[in-house]
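Just so we're aligned, residue 29 is where the sequence shown starts under my numbering, counting upward by one. The structure appears right after this line, and notes come after that.
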Amino acid sequence: IKNKDGSYAFGLEINPVNLFLMDEYQKRGYTDRIFAAIVKALGQDIQLLVIKTEEQMSFKERILEEDLRLERIKDRTGREPVLREQGEIIAEIVEERRSVLEEVSSSGKIKTDRFHLIFLGANESNLRKIRDYARDRFSEKKIKTKDIKGDSLNGLANMYGELLEIEFKGAGMGVGEKTYSFREIVGFPEEVEEGWAYSVFSIPGTSAYMRITQVSKEEARKNIDRSILEVREKTYSGRASEQTASEIHEEGLRQLLYEIEDGKECIADVDIIVCTQSINMDKSAKKETARRISQAGFKSEEMSFRQEEGYTRTLMRKTVPLDSGNNLPGSQIGASYPFISDELIDNGGILIGENSKPVFLNIFKRDSERINSNMVIFGRSGSGKSYAAKTILTGLFSEGVKICILDPEGEYGKMVERLGGKVLKASSGREARINPFEILSGLQEEEENFGAYYSHLQFLEEFFRHIFAGAPSEQLDRLGRITGEMYKSKGITDATELSTLSHKDYPTFEDLSVFVGEKIKKSTDSMERGRLSDIYNLLSKVRTGGSLYGLWNGYTTFDPSDNLLSYDFQSLIAGKNPTVCNAQM
């Protein structure tokens, strides 16, 4: 945009990130390598204005996504009548989500933050270069940016609307029924964390402006020298502990001076103004803004009878720094990193709840941060972990995702049955048995049969250690070797095409017991017969008549073909036999 005085404004819209979910090293990648680097690259001719505005969140795309889901469900149930009942249940879920979205959208109460970098100056070429440099810095962290131009830039320049009826009062600026009240930050907390500007930029019902103006090296040197003299006065007049703190402070100032001389650091004036919007001079909104600023540890003052000055300092044109402006090193300004939001709105995502905004989660989204679809839900007892899991699972099911739940407490059964799924009892061999000797070839590529066979033998060794806990390791090792021999006797080797085998082609514990019994009969060595007899006796609890016969002795009856399946461990856990539970899991 070109101002009437001949100066220019070049802008970038910045996508926010959730900085507070990162560790310190990751945070510094944003504060040091991005924002601080941009501030240090400004020079004295370019002023940077950081703007946060609010706008009503649009749910049109989300509603359209739900409409498309409904169409897919109807199409699927039309082609497969057997799924009609389940399809009707899923359609009900989607329609309920859609109605919630329409209600939230029509209320107009949900706002979203928009962050902008505006570069101000007289040299169009230099402004374009610094804007491109900033874009490159953000792109290093895969942060999306968008040039602000055309209607977007004009809208930002005229954010207060028509100013024909503007009226400045002692405590605000009136534009029709709306009132804008400007408040300046005059003091900062003694200690701040990365992203310290977020607490000021995130106040609902406000827009925030941070104007950054680099000072010359000469002025920076004078300011630091003055600060060093002030620190020295405290050093000589204070107590021993204060003297030590002052000496450390002086050393820090000297280090800053060295970095400025080397061109690694800069000093800039930082003016922060917060604008509160209300209707007809409503004082409660202003009080809430002042309270939130104070709560964050900042000092602020209402710009009483200076509202016009506050207004002009929010405009996209270069201005002289405020008297109350703060001199800060570029690295500390970088640490302010205000482009923060806890919004989670994935394309194709499902509404699962809200934090400060509604949350739309697409569990299958992939990017530099989310490299797989693994999830874990944390929370205190009674905080809603199970409810969140059920919401996510229901949403995924409505998308046609195949779901298998391992349910240790039997709390998902009702949900699964309501959705037309199947609940299997882990303690029931009749419908939920998994033959431990069956090699799950479906999890392996066909050319990996060799690896699948030996991996399964290793699995069985570990499985035996669970169900035969306390047995001598020599006995378990021998049992593992005998199991390999039994497989070969059944024609199953590392060369077998596993995909051609059915459930009934695999041996069972009954077969293993018979196989050991045959070896006992054939053996002529009394010691060998004794060792084999010990193994035969060990198998007594898993063959016919044994306490664990129903769980594992038999062909696989577990059928994972259902789209929604819950494997209920509650009755198994109620038996208070951790060995059996661990083995079954």
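C-beta: ideal position from N, C-alpha, C; glycine also.
Item	Value
For residue 572: DSSP bridge partner residues	Looking at the DSSP assignment, residue 572 forms no beta bridge with any residue, so it has no partner.
Validate contact between the segment 336 to 348 and the segment 210 to 222 using beta carbons, cut 8 Å, 3 pairs	yes
Span separating the alpha-carbon of residue 142 from that of residue 311	25 Å
Those residues which DSSP pairs with residue 145 across a bridge	40, 78
Between the CA atoms of residue 391 and residue 535 - distance to the nearest angstrom	39 Å
C-beta contact flag for residue 70 and residue 323 at 8 Å	no
Reduced DSSP category for residue 294 - H, G, I as helix; E, B as strand; rest coil	coil
As assigned by DSSP and simplified to three states, the class of residue 604	coil
DSSP three-state assignment for residue 115, whether helix, strand or coil	helix
Cross-strand partners of residue 175 (DSSP beta bridge)	40
For residue 72, three-class secondary structure by DSSP	coil
Assumed close pair residue 3, residue 367 - CB separation to whole angstroms, cut-off 8 Å	With the chain covering only 29 through 613, there is no way to say anything about residue 3.
Any beta strand (DSSP E) of 3 or more consecutive residues that is wholly inside the segment 312 to 342	327 to 330
Buried or exposed (CB count within 10 angstroms, at least 16 for buried), residue 135	exposed
C-beta atoms of residue 36 and residue 225 nearer than 8 Å	no
Beta carbon of residue 112 nearer than 8 Å to that of residue 105	yes
Inter-residue spacing [alpha-carbon to alpha-carbon] between residue 458 and residue 585	7 Å
CA-to-CA distance, residue 31 to residue 178, given in whole angstroms	14 Å
Cβ-Cβ separation, residue 450 to residue 590 (assumed contact under 8 Å), whole Å	5 Å
Opening and closing residue of the beta strand (DSSP E) in which residue 435 lies	431 to 435
Where residue 223 sits in the DSSP three-state scheme	coil
Beta-carbon contacts of residue 47 that lie in its chain and below 7 Å, excluding the five residues immediately before and after	55, 58, 222, 223, 365, 368
DSSP-derived helix/strand/coil call for residue 390	coil
Cβ contact (3+ pairs, closer than 8 Å) linking the segment 124 to 140 and the segment 380 to 396	yes
CB contact flag (residue 581, residue 525, <8 Å)	no
Alpha-carbon spacing of residue 38 relative to residue 332, whole angstroms	31 Å
Spatially closest choice to residue 180 from 169, 304, 29, 152, by CA coordinates	29
Counterpart residues of residue 207 in DSSP-defined beta bridges	202, 306
Beta-carbon proximity check, residue 234 vs residue 298, cutoff 8 Å	no
Residue(s) in a DSSP beta bridge with residue 242	296
Span of the beta strand (DSSP E) around residue 381	378 to 382
Beta-carbon proximity list for residue 466, same chain, < 6 Å, skipping 5 on both sides	534, 584
Short Cβ contact (8 Å threshold) for residue 64 with residue 362	yes
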